[in-house]
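Asker:
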Amino acid sequence: MTFLRQTSTTAAIVAAAASVALVLTGCVAGEGSAAEPASTSAGDGDAVVTEGGTLNIDFATYNPLSLVIKDQGWLEDALADQDITVNWVQSAGSNKANEALRAGAIDVGSTAGSAALLARSNGSPIQVIDIYSQPEWSAIVVGQDSPITDVTELKGKQVAATKGTDPYFFLLQSLEEAGLSASDVTVQNLQHADGWAALQNGSVDAWAGLDPIMAGAEESGAQLIYRNVDFNSYGFLNATESFLKAKPDVAQTVVNAYEHARTWALDNPEKTAEILASVAGLDPAVATKVIDERTNLDVDNVPGDAQISVLTTIGPVFVENGDVQTQQQVDDAIDTIVNDTYAKAADADAIG
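Count the sequence shown with mature numbering (1 follows the signal peptide of the UniProt record, and there is no 0) and you get residues -29 to -1, 1 to 323, in order.
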């Protein structure tokens, strides 16, 4: 099933930019930059215009819109007049994107909503500025010949999962629903591709999988023994607070590009699958399955109540399993993680 989008974007310029200071300097220059970029405002009420420097942004196979934007070169074109270089950094998982955001290696990164909340709860100064998808990208996977058919049968077993990512939290929620806890299994903390490799070589009994790797595994005979779309959180496009403060105009351009890519991807699902297949090294049929059957791009791009509802459900799991010290940290993060300014002002037509 291909999801169709019937939402439209506005042509407003980000309202928050009007309140930014008249002159913003001291932004971090990108790798190889000889000078620091400057963000200037001509006067009260005028939008900030950043000149020079580098936009460090991630791309990930679990975020098809990032692949489309990179492939089409829209950000490079949109920022050329401002002499801003676009530096693309690949994220192997939400945990890696969060690490890069915290380290300042990227300004904008794509994660699952659960991973973004975990990072914010533990002090990472990030906010979600756009929703790129509502995927069913995780499930509990076993090998082709495995006798395991139910989550309850995982008790005492070895399970591969990438901590700090949606599949890990999918696993925890699945265990809880089955009357088990994390202590009832041994979690092997492996990056997503390594988890699939471990399942193949028999090092683990099950794997909390992530698409598109999981879709490829399924084509190879792996069994998805438990699926639940409600245990998958939304795809969050996150930015560091320092970036949003210093370069709100660039942040708006990024969100505009994402909304342009959403429209393009919905109009061109076959080409989107081709791009995914090329970047991820997937069989075209597998990539098509990911795009058509397990990736809902037809979602409201503005972060808000729908995402907060999911995060409110997931948050207590962090505390119960020791990933966050207190529920107050989670509550504070939920209260401050959303920045809907850019998504509300998104203008897909601003990207040529």
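Each residue gets a CB set at the ideal place from its N, CA and C atoms; glycine is no exception. Since the structure is predicted, the reported quantities are computational estimates derived from the model, not experimental observations.
Buried or exposed for residue 52, please, with buried defined as at least 16 other CB atoms from any protein chain shown within 10 angstroms of its CB.
Answerer: It counts as exposed.
Asker: Which runs of the beta strand (DSSP E) fall wholly inside the segment 233 to 270 and span at least 3 residues, in chain order?
Answerer: Complete beta strand (DSSP E) runs here, min 3: none at all.
Asker: Tell me the rounded alpha-carbon separation between residue 320 and residue 227.
Answerer: Taking the straight line from one Cα to the other gives about 8 Å.
Asker: Count the other C-beta atoms from every protein chain shown that fall within 10 angstroms of the C-beta of residue 120, then say buried if there are 16 or more, exposed otherwise.
Answerer: Exposed.
Asker: Residue 189 by DSSP, collapsed to three states: which one?
Answerer: DSSP places residue 189 in helix when its eight states are reduced to three.
Asker: By Cβ distance, which residues of its chain are closer than 7 Å to residue 235, with the 5 residues on each side in sequence left out?
Answerer: So the list reads 39, once near-sequence residues are dropped.
Asker: Counting along the chain, where does the beta strand (DSSP E) carrying residue 160 start and finish?
Answerer: Here the beta strand (DSSP E) through residue 160 covers 157 to 160.
Asker: Determine the DSSP secondary structure at residue 324, reduced to helix, strand or coil.
Answerer: Missing from the structure shown is residue 324; the chain here goes from -29 to 323 and no further.
Asker: How would you write the range of the alpha helix (DSSP H) that residue 45 sits in, first residue to last?
Answerer: Counting along the chain, the alpha helix (DSSP H) containing residue 45 begins and ends at 45 to 50.
Asker: Relative to the C-alpha of residue 103, which candidate in 205, 122, 95 has its C-alpha closest?
Answerer: Nearest C-alpha to residue 103: 205.
Asker: So residue 183 and residue 253 are supposed to be a Cβ contact under 8 Å. How far apart are they, rounded?
Answerer: 6 Å between Cβ atoms; contact.
Asker: Kindly list the residues whose CB is nearer than 6 Å to the CB of residue 298, restricted to its own chain and excluding five residues on each side of it in sequence; keep chain order.
Answerer: So the list reads 290, once near-sequence residues are dropped.
Asker: Quick check: what's the CA-CA separation for residue 83 versus residue 67?
Answerer: The straight-line gap from Cα to Cα measures roughly 11 Å.
Asker: Sorry if obvious, but does the Cβ on residue 36 come closer than 8 Å to a heavy atom of the ligand PLP?
Answerer: What this structure holds is no ligand at all, so the ligand PLP is not there to describe.
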